[in-house]
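Participant: Chains as they are written, first to last, in the working numbering: chain A, 1 to 158; chain B, 1001 to 1107.
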């Protein structure tokens, strides 16, 4: 699976302004609603579900990366977005690092394998130091889009 | 006493959703409680068993065969705990990671 299979370009946030976990999740869900990827009336229910999942264990997977996610019946295919926080937010990650890079994923309840494929792609790409560093340093949505596209073209992972 | 010979076990991923974020988080939390170096091998690809990012990148679905390799003073105990966790399908709702570690250390 590639980034272009699940990342909505219109919902990418290059400069998240919130300073806590709940706030950045709200910003990213709101961006997906604005991009017409999620129905506005489900905003609260989706955010609640994502935060509930965080209570089961942080989705901070190390290296300053988090993958907040949930299943939700309001989508019929996997949708996601990318957000960057310059200062980083505390995510209770196992390695203790603040999170600067967020990949938010909402998947239909009956498609667990798509979710796993997306996680695999995100993790595989981010293991590359150059890609991870460049993405964290991106200042504009255009920069982020370009990096994701280069990653999709296998320019970082051999 | 430090053993230099790696211990190896093979397991099959049994939980329906595969190695997604929560099971991997549990796996790493348990792996970190041991001194031994722990690695996972899937189809010849070898990754650090104490890195969430590295294990997620394997994208191991249900039915995937994994080798868990440990090297160090507590290698056997670590493997007991990790194999139990995977074989129990990560018992997602009610897994008691401390119980798994304690049981393997006392047996």
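Glycine residues also receive a C-beta, built at the ideal position from the N, C-alpha and C atoms. These figures come from a predicted structure and were not determined experimentally.
#1: Taking the C-alpha atoms as reference points, what is the distance between residue 8 (chain A) and residue 1042 (chain B)?
#2: Starting from residue 31 (chain A), trace the alpha helix (DSSP H) both ways and give me its first and last residue.
#3: Could you tell me whether the segment 73-85 of chain A touches the segment 48-56 of chain A, where touching means 3 or more Cβ pairs closer than 8 Å?
#4: Given a cut-off of 7 Å on the beta-carbon distance, is the pair residue 24 (chain A) and residue 89 (chain A) in contact?
#5: Could you list the residues in the segment 44-57 of chain A with a C-beta less than 7 Å from some C-beta on chain B, going in chain order?
#6: Report back the beta-carbon spacing between residue 137 (chain A) and residue 157 (chain A) to the nearest angstrom; my notes put them in contact at under 8 Å.
#7: Between B:1051, B:1037 and B:1059, which has its C-alpha nearest residue 117 (chain A)'s C-alpha?
#8: Could you tell me whether the Cβ atoms of residue 32 (chain A) and residue 107 (chain A) are closer together than 7 Å?
#9: Alpha carbon to alpha carbon, how far is residue 105 (chain A) from residue 1050 (chain B)? Give it in angstroms, no decimals.
#10: I want to verify the contact list: residues of chain A whose CB lies under 9 Å from the CB of residue 1037 (chain B), in sequence order.
#11: Output yes or no for whether 7 Å exceeds the beta carbon distance between residue 26 (chain A) and residue 50 (chain A).
#12: With the cut-off set at 7 Å, would you say residue 1101 (chain B) and residue 1039 (chain B) are in Cβ contact?
#13: Exposed or buried, which one is residue 121 (chain A) when buried takes at least 16 other CB atoms within 10 Å?
#14: Roughly how many whole angstroms lie between the Cα atoms of residue 1053 (chain B) and residue 62 (chain A)?
#15: Do we get a CB-CB distance below 7 Å when we pair residue 124 (chain A) with the residues of chain B?
#16: So what does DSSP say about residue 105 (chain A), is it helix, strand or coil?
#17: Just reading off the beta strand (DSSP E) that residue 87 (chain A) is part of, what are its end residues?
#18: Go ahead and pull the three-state DSSP assignment for residue 115 (chain A).
#19: Could you check the C-alpha separation between residue 1086 (chain B) and residue 1013 (chain B) for me, to the nearest Å?
#20: Under 8 Å, with one C-beta from each stretch per pair, do the segment 1020-1032 of chain B and the segment 140-148 of chain A reach the 3-pair mark?
#21: Measuring CB to CB, does residue 1070 (chain B) end up less than 7 Å from residue 1081 (chain B)?
#22: Output the distance between the C-alpha atoms of residue 38 (chain A) and residue 1084 (chain B), rounded to the nearest integer angstrom.
#23: Using a C-beta cutoff of 7 Å, does residue 61 (chain A) count as contacting chain B?
Facilitator: Working from what's here:
#1: 31 Å
#2: 21-34
#3: Touching, no.
#4: yes
#5: Going along the segment 44-57 of chain A in chain order, one finds 56 and 57 with a Cβ nearer than 7 Å to chain B.
#6: Residue 137 (chain A) to residue 157 (chain A), Cβ: 19 Å. No contact.
#7: B:1059
#8: no
#9: 24 Å
#10: Within chain A, no residue comes near residue 1037 (chain B); the closest Cβ sits about 17 Å away, beyond 9 Å.
#11: no
#12: no
#13: With 16 or more Cβ atoms within 10 Å of its Cβ, residue 121 (chain A) is classed as buried.
#14: 7 Å
#15: So, interface residue.
#16: strand
#17: 79-89
#18: In this structure, residue 115 (chain A) counts as helix in the three-state DSSP scheme.
#19: Answer to the nearest angstrom: the Cα atoms are 6 Å apart.
#20: no
#21: no
#22: 40 Å
#23: yes
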